[in-house]
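For the sequence shown, the numbering used here begins at 566 and goes up steadily by one.
Let me begin by presenting the structure, written as structure tokens, before commenting on it.
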Amino acid sequence: MVWIDEDTLMHFVKQAPSSFSQLARNPANNLLVGGRNIIFAPVYGPSYVADFERGRRPSTLEDFHNFARLTYMIPELHHAGGVLVEPNDVDMDERHLDMLLAHITLSDKAFTGSVTHPDHARDTVTMAEILFGAETIRENPATLSLISVSSPMRMDDRMLSALEVYAQAKQAMILASFIIVGAMSPTTLAATIAQQNAESLFAIAYAQMLNPGAPCIQGSFLPTVDMRSGSPGFGAPESSLALYACAQLARRYKLPFRSGGNYTASRIPDAQAGYESASSMWPAVQAGANFILHAAGWLEGGLISGYEKLILDAEMLGMMSKYVQGIGLTEEDFAWDAFAEVGPGNHFLGSAHTARHYETALYHHKVFNTDNYEKWQEEGSEDTYQQANKIWKQMLQDYETPTLDEAIVEELNAFVAHRRAEIRAGKPRIEWKRQNTEKA
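What follows is the structure, given as structure tokens:
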């Protein structure tokens, strides 16, 4: 057991920046993490996928590519995420290379690095250097990685080693406790919040000991345990209350805060999934979480990435994005000219003010159907599950790969081939000699 006194702990925690920018290969997608910004990122880590026709099945690299493309195309998702699904048809020791290459080539959004082995973290840093240049990523991080505490009060070698690699390279990290309340923490919220706070702050302090100023996000993951089944439950009132408290503590420490997400234990995007996801997601938004992981696609307690769930969650994210914009209070917002034009007893549908604002003033659903019963019946009586199925399939048909400098693609492919050969031969990792000293 390692003990640290409060003064020493806070001395190091205070060295973490209150905000930072994560680079994306499209500068328009660079992200400011911290302050009042809210960033939505997709589901992370499932070993299965599910869709309307084929149901639940082990995920493959093709599924990973599909989710990378869809995430790139969904504007409500600001971040490309990390392990969108596990590519189970690729060897565990080398699949991180395929996932990183897909993130870089199939999308131009910011992405998450690998934490499964310290060499995988080093590979992440090297590929980011190939993409952006070594000096550039020391000034602003190009990767954001999820470092989990093995609650209660333990960090395993794998996570510690990845933390050390990323801290030394000054790449951003989410330092989060993985707590199922009642199983990995006491059942009472005060104790759980105190445990989460202590665990994540210790990890942040350790990162600062290694490299002062290393960008860190304080994180929490606090589903409750179902004492009848032993399974985690989502959307519980206790999780929401704890989330609010954890977010307030992060603000007290002047740290960006991570939470999630559109959580559900349901296996399909049914009513249970909708209620649990909304009950989990709204508190995260209202608490002002800066980085919301698992914001789209999560099913069966994180075991499944759902194609339709990704689309339906994005609909919710669109509404939440509109909600956090608040209420405008300008002269134009008060619409004095519209009142004068319309007068008593008439409607505003044809007013000049409505014509100026109807496209942006109100949220327009992309999936949810507001047609009357007769029209809905005429068009096939489809539910949202079926509608979302059509949408993601059409999106994949419409997908166009974002352009990337051929010299960069060439070097990335060469590096991946080099590392794959090393891994398969069981050879130690040799530092890559850059073909170009800086980004082309």
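Here a beta-carbon is modelled for each residue, glycine too, at the ideal position from N, C-alpha and C.
Residue i, enclosing alpha helix (DSSP H) - first and last residue
i	result
Arg703	699-704
Tyr609	Tyr609 -> no alpha helix (DSSP H), and no H or E assigned at all.
Asp663	660-671
Phe786	Careful: Phe786 lies outside any alpha helix (DSSP H), inside the beta strand (DSSP E) at 781-786.
Tyr950	949-963
Phe767	754-775
Leu574	571-578
Ile876	872-888
Tyr828	Looking at the DSSP string, Tyr828 is not in any alpha helix (DSSP H), and its letter there is neither H nor E.
Closest Cα partner of residue i within the set the options
i	options	result
Val650	Ser612, Ile639, Glu627, Met566	Ser612
Leu626	Pro848, Leu662, Ser842	Leu662
Ser624	Ile782, Ala982, Ala759, Leu868	Leu868
Asn978	Gly647, Leu665, Tyr840	Leu665
His684	Glu571, Asp878, Tyr888, Leu728	Per the sequence shown, residue 684 should be read as Asp rather than His. Answer by Cα proximity: Leu728.
Arg634	Val648, Gly647, His668, Thr573	His668
Arg999	Ala920, Ala972, Val730, Ser584	Ala972
Leu574	Trp901, Tyr818, Pro751	Tyr818
Asn594	Phe629, Val746, Lys674, Leu914	Lys674
Asn934	Glu947, His922, Glu924	Glu947
Ala732	Ala756, Val714, Arg703	Arg703
Ile569	Gly915, Asn954, Gln890, Ala770	Ala770
Gly795	Leu754, Val746, Thr757, Thr753	Val746
His930	Thr681, His643, Lys887	Lys887
Ala741	Arg921, Thr949, Phe767	Phe767
Ile629	Leu814, Leu914, Leu671	First, the residue type needs correcting, since residue 629 is Phe and not Ile in the sequence shown. That would be Leu671, whose Cα lies nearest to the Cα of Phe629.
Tyr923	Ile995, Asp898, Glu939, Asn937	Asp898
Met884	Gly866, Thr701, Tyr928	Tyr928
Arg601	Lys735, Leu820, Ala734	Leu820
Ala807	Ala756, Leu914, Arg994	Ala756
Ser870	Thr753, Glu944, Ser583, Pro652	Pro652
Pro797	Val730, Pro993, Gly866	Gly866
Leu775	Leu725, Cys811, Arg793	Leu725
Alpha-carbon spacing of residue i relative to residue j, whole angstroms
i	j	result
Arg687	Ala801	38 angstroms
Gly991	Glu659	12 angstroms
Gly678	Leu711	8 angstroms
Arg619	Asn631	15 angstroms
Ala581	Pro777	7 angstroms
Ala693	Thr895	43 angstroms
Glu803	Leu787	9 angstroms
Ala1005	Asp791	Reliability fails at Ala1005, whose pLDDT of 41 lies under 50, so the model's placement of it is uncertain and no value is given.
Leu596	Asn705	11 angstroms
Ser845	Phe799	7 angstroms
Phe980	Glu987	11 angstroms
Asp572	Pro607	37 angstroms
Ala589	Ile604	14 angstroms
Ser765	Pro751	17 angstroms
Ala953	Gln890	26 angstroms
Asp970	Ala645	20 angstroms
Val614	Asn911	52 angstroms
Ala734	Arg621	39 angstroms
Glu944	Asn937	11 angstroms
Pro592	Glu939	47 angstroms
Cβ pair residue i, residue j closer than 7 angstroms
i	j	result
Tyr872	Trp941	no
Thr829	Ala838	yes
Glu641	Leu882	yes
Trp997	Thr708	no
Ile739	Gly784	yes
Pro717	Met749	yes
Ser842	Asn827	yes
Ala900	His918	yes
Ala852	Tyr809	yes
Ile782	Phe856	yes
Pro848	Lys874	no
Ala926	Ser916	no
Gln587	Ala815	no
Phe617	Tyr964	no
Phe585	Val598	yes
Supposed close pair residue i, residue j - CB separation, criterion 8 angstroms
i	j	result
Phe822	Ala854	5 angstroms
Phe577	Gln773	4 angstroms
Leu858	Gly825	5 angstroms
Ile695	Ala879	31 angstroms between Cβ atoms; not a contact.
Gly610	Val648	5 angstroms
Thr689	Arg723	Wrong, their Cβ atoms sit about 14 angstroms apart, outside the cutoff.
Minimum Cβ-Cβ distance from residue i to chain C less than 7 angstroms
i	result
Met724	In the structure shown, chain C cannot be found, because there is only a single protein chain.
For residue i, the first and last residue of its enclosing beta strand (DSSP E)
i	result
Arg621	620-623
Met738	737-743
Phe585	584-587
Gly649	The question names Gly, but residue 649 is Leu in the sequence shown. Careful: Leu649 lies outside any beta strand (DSSP E) and carries neither H nor E.
Tyr840	From DSSP, Tyr840 is part of no beta strand (DSSP E) but of the alpha helix (DSSP H) over 836-851.
Ile892	It is not in any beta strand (DSSP E) - Ile892 carries neither H nor E in the DSSP assignment.
Residue i CB to nearest heavy atom of the ligand ADP below 6 angstroms
i	result
Lys998	Among the ligands in the structure shown, none appear at all, so the ligand ADP cannot be discussed.
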